[in-house]
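Chains as they are written, first to last, in the numbering used here: chain A, 1189 to 1387; chain B, 1189 to 1387.
2 protein chains.
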Amino acid sequence: MAQGATALKKLADRFARMPGIGRKTAQRMAYYITSLPKEESAALAQAILDASRKVRRCSVCCDLTEEELCPICADERRDHGVICVVEQPQDLLAIERTRDYRGVYHVLHGAISPLDGIGPDQITVKPLMARIAAGGVTEVIMATDSDTEGETTALYLSRLIKPFGVKVTRLAYGIPVGSDLQYADEITLSRAMEGRREL
Amino acid sequence: MAQGATALKKLADRFARMPGIGRKTAQRMAYYITSLPKEESAALAQAILDASRKVRRCSVCCDLTEEELCPICADERRDHGVICVVEQPQDLLAIERTRDYRGVYHVLHGAISPLDGIGPDQITVKPLMARIAAGGVTEVIMATDSDTEGETTALYLSRLIKPFGVKVTRLAYGIPVGSDLQYADEITLSRAMEGRREL
């Protein structure tokens, strides 16, 4: 395309700003758009506008939804006394796929990371604390990532929540199921040892 | 997002159809869209419409452009007697980055691949042959990929072109510059040996 297609370059630049999309993938995506029938590219543009307009945060758990209340918060069969705190909507989806969990969620939309300028105010800590202050919550499960930011966030939140007399738990660390022990890293392995249970 | 955001799911589905975009990346991209300010997502939708409307194929070399003729074909300082044949617009970009090549290009928009149902009619063989039949071409450089499809295409085209008395060449195979010899695969290594030059 050389310098001949600025519309293409502009589009590739926008794609390249997306998370996990490198320069080359962005270019390939832009080429793909030009190869689509006009109706298809128009439908994609419309889907972007729709998602941007319709999707908002649930007024309770902050998960993405098209309603005032997401289907999980609106579901009376779920246990609203147990809140599982996750960083991203994708994490919620992963837990839902287990079909084991019957409580509700709180989506932080990030984790505390002072180096990136993300403090408690940049994530949804306030609405979480409001839910806890409103009462009726018996347990908060910290399901943030097991990296530094996730750990920091879990620790920070547990300190805020405990004064309310609410039990705060953390997902177990250990060997991933079905994995080969010899490939587990030392930290995971020593955490798995610490957390061992009687059979 | 559970089942609550169909606009989000629809968008992720469309992103997942793009080349090189897996299910999870598509989901992350869709979430990203919902996190953008409304003007930003509207600008992205507009960029898609623009690229789809404005970008077309150069009437000579089939590269993507916004004009009737791409800047390279329109450039009189380039050698229009030498045509470098590439599979994709990205390949052209890669060669242009070397700043060595002064000829022109022909973009096939694919490679012959019977298994994928791609024959000479699905790529831009006809306009290439029309350029050669029109005369004035002294050399055609095959710069198709060095995989089976690229090799097949180079061989097929060279058979079509040679009867016109035009020289057909192929990019050299060999050890990538700056790479470690021990990691080169055997085929590359034996091709490099075959193509050795006197120092």
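Note that CB positions come from ideal geometry on N, CA and C, so glycine has one too.
Which residues in chain B have a C-beta closer than 7 Å to the C-beta of residue i? List them in chain order.
| i | result |
| --- | --- |
| A/L1316 | The contacting residues do not exist; A/L1316 stays about 18 Å from chain B at best. |
| A/R1290 | Near A/R1290 there are no residues of chain B at all, since even the closest Cβ is about 14 Å away, more than 7 Å. |
| A/L1296 | The premise fails here: A/L1296 is roughly 13 Å from chain B at the closest Cβ pair, so nothing lies under 7 Å. |
| A/K1226 | S1240 |
If you measure from the beta carbon of residue i to each beta carbon in chain A, is any gap under 8 Å?
| i | result |
| --- | --- |
| B/G1208 | yes |
| B/S1240 | yes |
| B/E1337 | no |
| B/M1381 | no |
| B/S1378 | no |
| B/R1202 | yes |
| B/T1342 | Note on residue identity: the sequence assigns Ala, not Thr, to residue 1342 of chain B. No, B/A1342 lies away from the interface with chain A (no Cβ there is under 8 Å from its Cβ). |
| B/L1199 | yes |
| B/I1283 | no |
What residues from chain A crowd round residue i, counting only those whose CB sits closer than 7 Å?
| i | result |
| --- | --- |
| B/I1221 | I1236, A1239, S1240 |
| B/V1243 | A1193, A1195, L1196, T1222 |
| B/Q1310 | Neighbours of B/Q1310 on chain A: none; closest Cβ ~12 Å, over 7 Å. |
| B/L1359 | Chain A residues near B/L1359: none, gap ~19 Å exceeds 7 Å. |
Examine chain B for any beta-carbon lying closer than 8 Å to the beta-carbon of residue i, and answer yes or no.
| i | result |
| --- | --- |
| A/T1194 | yes |
| A/A1331 | no |
| A/Q1215 | yes |
| A/A1233 | yes |
| A/V1356 | no |
With DSSP as the reference, identify every bridge partner of residue i, one or two as the case may be.
| i | result |
| --- | --- |
| B/E1327 | B/V1270, B/K1355 |
| A/Y1293 | A/C1272 |
| B/R1245 | B/L1252 |
| A/S1301 | A/I1306 |
Give every residue of the same chain whose Cβ lies closer than 7 Å to the Cβ of residue i, excluding the five residues on either side of it in the sequence, and list them in chain order.
| i | result |
| --- | --- |
| B/C1258 | C1246, C1249, D1251 |
| B/L1280 | D1251, V1274, Y1293, V1295 |
| A/Y1289 | C1272, I1283 |
| A/F1203 | I1209, A1214, M1217, A1218 |
Once you ignore the five residues that flank residue i on each side, which residues in its own chain have a CB closer than 6 Å to its CB?
| i | result |
| --- | --- |
| A/T1357 | I1329 |
| B/T1341 | A1299, I1300, T1332 |
| B/S1346 | V1356 |
| B/V1270 | G1291, E1327 |
| A/Y1219 | none |
| B/M1189 | The predicted position of B/M1189 is uncertain, since its pLDDT is 49 and thus under 50; a value taken from the coordinates is nonetheless stated next. Excluding positions up to five away in sequence, the list reads L1196. |
| A/R1205 | none |
| A/K1242 | E1254 |
Between residue i and the rest of its own chain, which residues show a CB-CB distance below 8 Å, the 5 nearest in sequence each way excluded?
| i | result |
| --- | --- |
| A/D1201 | A1214 |
| B/A1321 | F1352 |
| B/G1383 | A1360, Y1361, G1362 |
What does residue i touch in chain A if you count any residue whose Cβ is under 9 Å from its own?
| i | result |
| --- | --- |
| B/P1364 | Here the premise fails: no neighbours, minimum Cβ distance about 17 Å. |
| B/P1351 | Under the 9 Å cutoff, chain A gives no residues; its nearest Cβ is about 31 Å from B/P1351. |
Quick one: list the residues of chain B neighbouring residue i, beta-carbon separation under 8 Å, in chain order.
| i | result |
| --- | --- |
| A/A1299 | Within 8 Å Cβ-Cβ: nothing; A/A1299 doesn't reach chain B, min ~15 Å. |
Which chain A residues sit within Cβ distance under 8 Å of residue i?
| i | result |
| --- | --- |
| B/S1229 | I1236, L1237, A1239, S1240 |
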